[in-house]
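For the protein sequence lines, the chains are A and B, in the order given.
Residues in the first sequence are numbered from 3 upward in steps of one, following the numbering used here.
Residues in the second sequence are numbered from 673 upward in steps of one, following the numbering used here.
Note that the Cβ used here is the ideal one computed from N, Cα and C, for glycine as well.
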Amino acid sequence: MKNNVFLLGIVLLIFSLSACNTGEKTYKIGDEVEDFSLKNIDETYVSMADYKYAKGFVIIFTCNHCPYSVAYEDRIIDLADYARENEYELIAINPNDPSFYPEDSFENMKIRAKEKSFNFPYLIDEKQEIYPKFGATKTPHVFIVKKKNNKLYLVYKGAIDDNHEFPEQVKEKYVKTVLDELAAGKEDLTYTETKAIGCSIKDKRTEEK
Amino acid sequence: MKWKLITHTLIFVLFTASCANNNRDKKLVYNPIKKVKDNNYTLDVFDYKSLKPLLEANNDTVYVFNFWATWCKPCIEELPVFEEFNANNSSKVKIFLISLDFSKNITTKLIPFIKNNNIKLKVILLSDPDSNYWINEINSDWSGAIPATIFVKNGDRIFVEGKINKEELQNNINKLK
């Protein structure tokens with residue numbers, strides 16, 4: 003009898019451990035974030051580790067085709083400069099499968115980056131393995147990651163600001179506020195999660211019906 | 673004689689007064705903030721404040737509110753599902769297509785899309801920049817990606833994010849009926 007109970011305990015323990023490993027873990031605010039190695043439009047591979055002196059990163063999942071992303075393009079360019087002034091690097095990542103919209107192809111990413119003089123890396127999540135870790139659900143979707151003791155932690159996720167259509171009517175500049183507060187050493191950020199409308203991420207695995 | 677007149681009048685007044693109250697409860701609160709007319713089509717525009725009472729309709733009808741946009745491919749792909757349902761079912765189901773197109777594109781993109789595709793369902797536009805607020809009001813699980821659909825009846829609500837098919841549309845309506 004005792005042996006059976008012991009055996010059952012072992013089985014349950016193994017089961018629960020394996021369940022942990024198979025789980026689709028999405029970063030929550032405060033979680034440690036893994037680095038990535040993704041192809042940039044200049045054909046080199048970029049990781050956050052490449053930026054030894056950056057204090058953190060503004061990661062924006064964005065793409066060519068989505069009108070919301072396009073509406074934010076100029077603001078993203080502006081944000082890259084703003085982030086750099088605060089020693090944060092902005093990294094744009096295209097999470098989409100280009101078979102849905104040819105505009106999102108790697109070649110078209112190069113063209114857009116050149117046309118608009120992107121001042122930041124524009125990477126492609128080719129295997130579509132990185133965006134699910136962040137829990138990106140649409141474009142554009144921002145994730146701000148802070149470096150602490152050589153590890154990376156998620157401190158903000160959500161929108162860029164509160165008005166996609168009329169930049170001159172923006173009241174709350176979410177990302178800029180987060181960057182300002184991080185620069186000031188604030189631990190308790192005003193914004194940690196915000197929401198906005200965007201285009202769903204194009205992925206054959208989640209495209210149903 | 674006078675008493676009969678008085679009591680009859682009183683009864684009449686009370687009756688119509690109570691009828692009026694009932695009607696007020698059952699009337700759909702539909703108050704757009706703006707109407708855009710173009711090419712013989714009138715599009716009603718709402719902000720979230722004016723849309724909210726519509727989403728909270730409370731009159732025994734099942735309402736289906738689909739959030740879409742002309743630039744959203746999966747949204748366009750699922751439109752026939754709503755149109756077909758509407759064509760084959762009358763009665764107590766009312767469908768609204770809530771467009772999230774940019775307001776500057778109403779006459780250049782939205783109305784032409786409606787006309788070119790012969791959309792029969794009622795299309796309205798939600799123009800409200802404070803999406804961080806109203807996305808959560810509509811449903812706290814909504815990520816903000818479209819398409820998304822809510823089913824409403826008398827205060828009960830079912831929210832579905834993503835494209836839905838014929839069966840899902842019918843099942844969710846049945847759950848509320």
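{"Query": "Could you list the residues in the segment 791-812 of chain B with a C-beta less than 7 Å from some C-beta on chain A, going in chain order?", "Result": "801, 802, 803, 804, 807 and 808"}
{"Query": "Between the C-alpha atoms of residue 33/A and residue 154/A, what's the straight-line distance to the nearest angstrom?", "Result": "8 Å"}
{"Query": "By a C-beta neighbour count over all protein chains shown, 10 Å radius and 16 as the cutoff for buried, is residue 675/B buried or exposed?", "Result": "exposed"}
{"Query": "Scan the segment 759-793 of chain B for residues whose Cβ lies nearer than 8 Å to a Cβ of chain A and list them as they occur along the chain.", "Result": "772, 774, 775 and 776"}
{"Query": "Where does residue 195/A sit, in a helix, a strand or coil, going by DSSP?", "Result": "strand"}
{"Query": "Okay, do the segment 93-107 of chain A and the segment 44-63 of chain A touch, 3+ Cβ pairs below 8 Å being the bar?", "Result": "yes"}
{"Query": "Cβ of residue 156/A within 8 Å of any heavy atom in the ligand COA?", "Result": "The ligand COA is not part of this structure, which contains no ligands at all."}
{"Query": "Beta-carbon within less than 8 Å of residue 764/B's beta-carbon, same chain only, minus the 5 sequence neighbours each way: which residues are those?", "Result": "732, 733, 734 and 849"}
{"Query": "Would you say residue 199/A reaches chain B, if we count a Cβ-Cβ gap shorter than 9 Å as a contact?", "Result": "yes"}
{"Query": "Helix or strand or just coil, what does DSSP make of residue 73/A?", "Result": "helix"}
{"Query": "Around the Cβ of residue 680/B, are there at least 16 other Cβ atoms within 10 angstroms (buried) or fewer (exposed)?", "Result": "exposed"}
{"Query": "Is the segment 794-803 of chain B in contact with the segment 713-723 of chain B, if contact means three or more CB pairs nearer than 8 Å?", "Result": "yes"}
{"Query": "Apart from the five residues just before and just after residue 161/A, which ones in its own chain have a Cβ nearer than 6 Å to its Cβ?", "Result": "176, 196 and 198"}
{"Query": "Among 74/A, 156/A, 46/A and 142/A, which has the Cα closest to the Cα of residue 167/A?", "Result": "74/A"}
{"Query": "Are three or more beta carbon pairs between the segment 130-139 of chain A and the segment 46-59 of chain A nearer than 8 Å?", "Result": "no"}
{"Query": "Just to confirm the assignment, what range does the alpha helix (DSSP H) spanning residue 150/A have?", "Result": "Where residue 150/A is concerned, there is no enclosing alpha helix (DSSP H), although the beta strand (DSSP E) it sits in stretches over 143-150."}
{"Query": "What does the Cβ neighbour count give for residue 805/B, buried or exposed, with the cut at 16 atoms within 10 Å?", "Result": "exposed"}
{"Query": "Measuring CB atoms only, is the segment 75-84 of chain A touching the segment 185-193 of chain A, in the sense that at least three cross pairs come out at less than 8 Å?", "Result": "no"}
{"Query": "At a CB distance below 9 Å, what residues from the segment 168-189 of chain A approach chain B? Give them in sequence order.", "Result": "168, 171, 172, 173, 174 and 176"}
{"Query": "Between which two residues does the beta strand (DSSP E) harbouring residue 94/A extend?", "Result": "90-96"}
{"Query": "What distance in whole Å lies between the Cβ atoms of residue 43/A and residue 115/A, which are believed to be in contact at a cut-off of 8 Å?", "Result": "5 Å"}
{"Query": "Three-state secondary structure (DSSP) at residue 129/A?", "Result": "coil"}
{"Query": "Could you check whether the Cβ of residue 23/A sits closer than 9 Å to any Cβ belonging to chain B?", "Result": "Since pLDDT at residue 23/A reaches only 40, below the 50 mark, its modelled position is unreliable, and no value is offered."}
{"Query": "Looking at the structure shown, is residue 201/A part of a helix, part of a strand, or coil, going by DSSP?", "Result": "strand"}
{"Query": "Does any residue of chain B bring its CB to less than 9 Å from the CB of residue 103/A?", "Result": "yes"}
{"Query": "Tell me which same chain residues have a C-beta within less than 8 Å of the C-beta of residue 39/A, skipping the five on either side of it?", "Result": "47, 48 and 49"}
{"Query": "Buried or exposed for residue 822/B, going by 16 or more other Cβ atoms inside 10 Å?", "Result": "buried"}
{"Query": "Hey, quick one: how far does the beta strand (DSSP E) through residue 714/B stretch, first residue to last?", "Result": "713-718"}
{"Query": "Give a yes or no on whether the minimum CB-CB distance between residue 722/B and chain A is below 9 Å.", "Result": "no"}
{"Query": "Compare the C-beta of residue 827/B with all C-beta atoms of chain A and state if any pair is closer than 9 Å.", "Result": "no"}
{"Query": "If you draw a straight line from the C-alpha of residue 181/A to the C-alpha of residue 111/A, how long is it?", "Result": "27 Å"}
{"Query": "What are the boundary residues of the beta strand (DSSP E) that includes residue 758/B?", "Result": "Element bounds for residue 758/B: not the beta strand (DSSP E) but the alpha helix (DSSP H), 745-760."}
{"Query": "Can you tell me whether DSSP reads residue 829/B as helix, strand or coil?", "Result": "strand"}
{"Query": "9 Å is my cut-off, CB to CB: does residue 746/B come that close to chain A?", "Result": "yes"}
{"Query": "Take every Cβ of the segment 707-716 of chain B, pair it with every Cβ of the segment 734-749 of chain B, and state whether three or more of those distances are shorter than 8 Å.", "Result": "no"}
{"Query": "Could you confirm whether any beta carbon from chain A is found closer than 9 Å to the beta carbon of residue 863/B?", "Result": "Here chain B covers residues 673 to 849 and nothing more, so residue 863/B does not appear."}
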